[in-house]
Amino acid sequence: MFFPTQFPWAKDQTLGEHLEATGVSRRDFLEFCGQMAVLLGLTEMAAPRIAAALEGVKRPVVIWIQLQECTGCVESVLRSADPSIGDLILNIVSLDYSHTLMAASGTAAESALAASMKANFGEYLLVVTGSVPLAENGIYTTIGGRTAKEVLVEVAAGAKAVFAVGACAHWGSVQAAKPNPTGAVGVAEIIKDKPVVHLTGCPPIAETVTATLVHYLTFGGLPELDADGRPMFAYGARIHDQCPRRANFDAGQYVEIFDDEAARKGWCLYKVGCKGPATFSPCPIFQWNMKTSWPIGAGHPCIGCTERHFWDTMTPFYKRLPNVAGFGIEQTADTIGAALAVGALAGVAAHAAATTVHQIRSHRKAAAAEGAHDGQD
Amino acid sequence: MAKIKVVVDPITRIEGHLRIEAQAENGMISTAWASSTQFRGIETIMQGRDPRDAWAFTQRICGVCTVVHAVASCRAVENALGITIPPNATLIRNLVHGMQTIQDHVIHFYHLHALDWVDIISSLSADPAKTAAIAKSISPWPNNSATYFAEVQNRIKTFAAGGQLGIFTNGYWGHPAYQLPPEVNLRRWRIISRRWTGRRTSFGCTPSSAARTRTRTSSSAGWPRPST
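Residue numbers (my numbering), protein chains in the order written: chain R, 78 to 454; chain W, 21 to 248.
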């Protein structure tokens, strides 16, 4: 993250001065601002404004706490690489505390946290990965002898805003799957008096974090959020509606098993369990690992990891979602597919389907309320 | 001599949360305890689920070594159901495992473990010429020169003088068991920082490394000059 030999960013230096000293050309910086404007759903016209604001930004202080989690989100965010200046920004924010990256341990680590909180009280940005286990008075995750809840409440007190990164910080993710033995909940269940943005996913795409951070630094606030606290620019559209295999879905061309001819041809994965029709995520557009690929692009169905309770509502992962509408001109295929699905599913799965359909509806309602979903479905 | 008990919690630069308690008598550690201070109950959560989904749940045990957990889970399911996978599937799994090993080595060795024995502050007193000589004796890298290492050292100086040590605050370097000469620290530090920025480039598909080279070499012209 903080690469001193490469990019020392002095405290009173602006980002523009810092990038210049680092040898980043202004052209690359403006290109980056243009890309950010597009990612944020603004027009390219906003790029100069982003550039002007970002250039003058002083080094922000970020405290990153890891509660009940697997470190996968840190790994994902570390792989933010394209746009490369976004990587720089993420890398050089003053990361005063991070379990995965810091040199110190034990009381030395905890005193570094206390010192940074004191020096930057009310100013720092808090990034949280991981959930908060509440069962048995919170004993299922302790750090320095204190429960995850105690740590979160204390650190959040001086934070300007909270970035809840990943599905765990959003709603608890895998440990909150039934029967949720540790009573895991998301950050927003505990922190009610601060703006909390959900950069969800298991893990989230690094660029959603970069772009939200850029928005925060540029406009001094969080981007427009959906009903679940997720930024609209990233989580405003369904995977199904952005999917390059959508044409195959509409034409009734499906993969039936993973090694058939249709799989080789890259047809639609709906019948082998793709949850794209019920999942709001920027995966098809942002993609992963420097736009190398993404799950559906690699031939695996979407598991719906940006949606609440997906471990229960989207499983079994390899069973299809029932009642997916929208075949358009190929009405017959839809009817047959839906009938088969209803016949094949029972009990839990039917409940799950109802939940996901409900989720889609509530997202649509939220989207309609925001007036940003013209032309969908 | 009295018994001394030392508690180190949290242990950083690992996945998850760890607490170590050690008891020392007569200057020697006589007994120690390690506790994992995080529990999620994934075994309980897995019960009654579709076995085909097991890999995705168990993979979330650790976000650093995800592949290992996923493959182990697939094998467990196959053993239970008496499934033999075709040779091509084994090859694909081996390739994925190989990639995980390479990627994990970079993370573990350079990113997580190195800060235990590479002392950034000690490298300030290194002699750049000696550092270059040591570097030349082990690697043919063209930048192994006194000028280059002096520049690296200068950057560390600027950084340390700024007083903003970030994640390096309160590092407890300098234990005799780990001590390296300043020159070796400087060289190792240069490698670590390169690995850190380059760790995503393990697999050669890196628009970003190209972008970095480009931005480094291109001039910084075009930035507005403050009117003086």
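Just so you know, even glycine gets a beta-carbon here, dropped at the ideal spot from N, CA and C.
With a threshold of 8 Å between beta-carbons, can residue i be considered close to chain R, or not?
i: GLY83(W); result: yes
i: ASP124(W); result: no
i: THR121(W); result: no
i: HIS128(W); result: no
i: GLN58(W); result: yes
i: LEU200(W); result: no
i: ALA76(W); result: yes
i: VAL87(W); result: no
i: ASN114(W); result: no
i: THR32(W); result: yes
i: ILE49(W); result: no
i: ARG208(W); result: no
i: THR64(W); result: yes
i: GLY118(W); result: no
i: ASP29(W); result: yes
i: GLY102(W); result: no
i: ASP147(W); result: no
i: HIS133(W); result: no
Quick one: is residue i near chain W, going by C-beta distance under 8 Å?
i: PHE326(R); result: no
i: HIS176(R); result: yes
i: ILE362(R); result: no
i: PHE394(R); result: yes
i: PRO281(R); result: no
i: GLY222(R); result: yes
i: ILE140(R); result: no
i: GLN112(R); result: no
i: CYS320(R); result: no
In terms of residue numbering, what span does the beta strand (DSSP E) encompassing residue i cover?
i: ARG39(W); result: 38 to 45
i: CYS275(R); result: It is His, not Cys, that sits at residue 275(R) in the sequence shown. Run containing HIS275(R): 273 to 276, per the beta strand (DSSP E) assignment.
i: LEU202(R); result: 201 to 206
i: LYS25(W); result: 24 to 28
i: GLN90(R); result: Looking at the DSSP string, GLN90(R) is not in any beta strand (DSSP E), and its letter there is neither H nor E.
i: GLN58(W); result: It is not in any beta strand (DSSP E) - GLN58(W) carries neither H nor E in the DSSP assignment.
Grab the span of the alpha helix (DSSP H) containing residue i for me, first residue to last.
i: THR64(W); result: 62 to 66
i: TRP388(R); result: 387 to 390
i: THR104(W); result: Neither: THR104(W) is in no alpha helix (DSSP H) and is coded neither H nor E.
i: THR289(R); result: 283 to 296
i: SER102(R); result: It is not in any alpha helix (DSSP H) - SER102(R) carries neither H nor E in the DSSP assignment.
i: ILE127(R); result: 124 to 132
i: MET194(R); result: 183 to 196
Whole angstroms are fine: how far does the CA of residue j sit from the CA of residue i?
i: GLU213(R); j: ALA261(R); result: 11 Å
i: ALA355(R); j: THR64(W); result: 27 Å
i: ALA186(R); j: PRO30(W); result: 8 Å
i: LYS150(W); j: THR369(R); result: 42 Å
i: ALA314(R); j: CYS351(R); result: 16 Å
i: VAL518(R); j: ILE220(R); result: Residue 518(R) cannot be examined here, being either before or after the span of chain R that is shown, 78 to 454.
i: GLN90(R); j: ARG39(W); result: 39 Å
i: GLU284(R); j: LEU107(R); result: 17 Å
i: GLY111(R); j: PHE169(W); result: 36 Å
i: THR289(R); j: MET194(R); result: 22 Å
i: GLN43(W); j: THR51(W); result: 5 Å
i: ALA114(R); j: SER159(W); result: 43 Å
i: PRO210(R); j: ASP305(R); result: 21 Å
i: GLU41(W); j: LEU115(W); result: 40 Å
i: LEU203(R); j: SER56(W); result: 25 Å
i: ALA196(R); j: GLN319(R); result: 45 Å
i: GLY118(W); j: HIS131(W); result: 19 Å
i: HIS37(W); j: GLY68(W); result: 28 Å
i: GLN58(W); j: HIS377(R); result: 31 Å
i: GLY47(W); j: GLY183(R); result: 20 Å
i: HIS292(R); j: ILE140(W); result: 34 Å
i: CYS245(R); j: PRO201(W); result: 43 Å
i: VAL226(R); j: ILE267(R); result: Note that residue 226(R) is Lys in the sequence shown, not Val. Cα-Cα distance, rounded: 8 Å.
Is it true that the CB of residue j sits closer than 8 Å to the CB of residue i?
i: GLY12(W); j: THR259(R); result: Missing from the structure shown is residue 12(W); chain W here goes from 21 to 248 and no further.
i: LEU131(R); j: LEU92(R); result: yes
i: THR104(W); j: SER93(W); result: no
i: VAL138(R); j: GLU94(R); result: no
i: PRO281(R); j: ALA238(R); result: no
i: GLY278(R); j: CYS382(R); result: yes
i: SER145(W); j: ILE176(W); result: no
i: THR218(R); j: ARG33(W); result: no
i: ILE154(W); j: GLU203(W); result: yes
i: PHE394(R); j: ALA152(W); result: no
Review point. What are the complete beta strand (DSSP E) segments, minimum 3 residues, inside the region 224 to 268 of chain R?
Key: Entirely contained in the region 224 to 268 of chain R, the beta strand (DSSP E) runs reaching 3 residues are, in chain order, 236 to 242.
Check your understanding: Whole alpha helix (DSSP H) runs in the region 306 to 379 of chain R with 4 or more residues, listed along the chain?
Key -> 309 to 312, 316 to 319, 323 to 327, 338 to 342 and 360 to 363
Exercise for review: Can you check the region 104 to 173 of chain W for any beta strand (DSSP E) of at least 3 residues that lies completely inside it and give the ranges in chain order?
Suggested key: none
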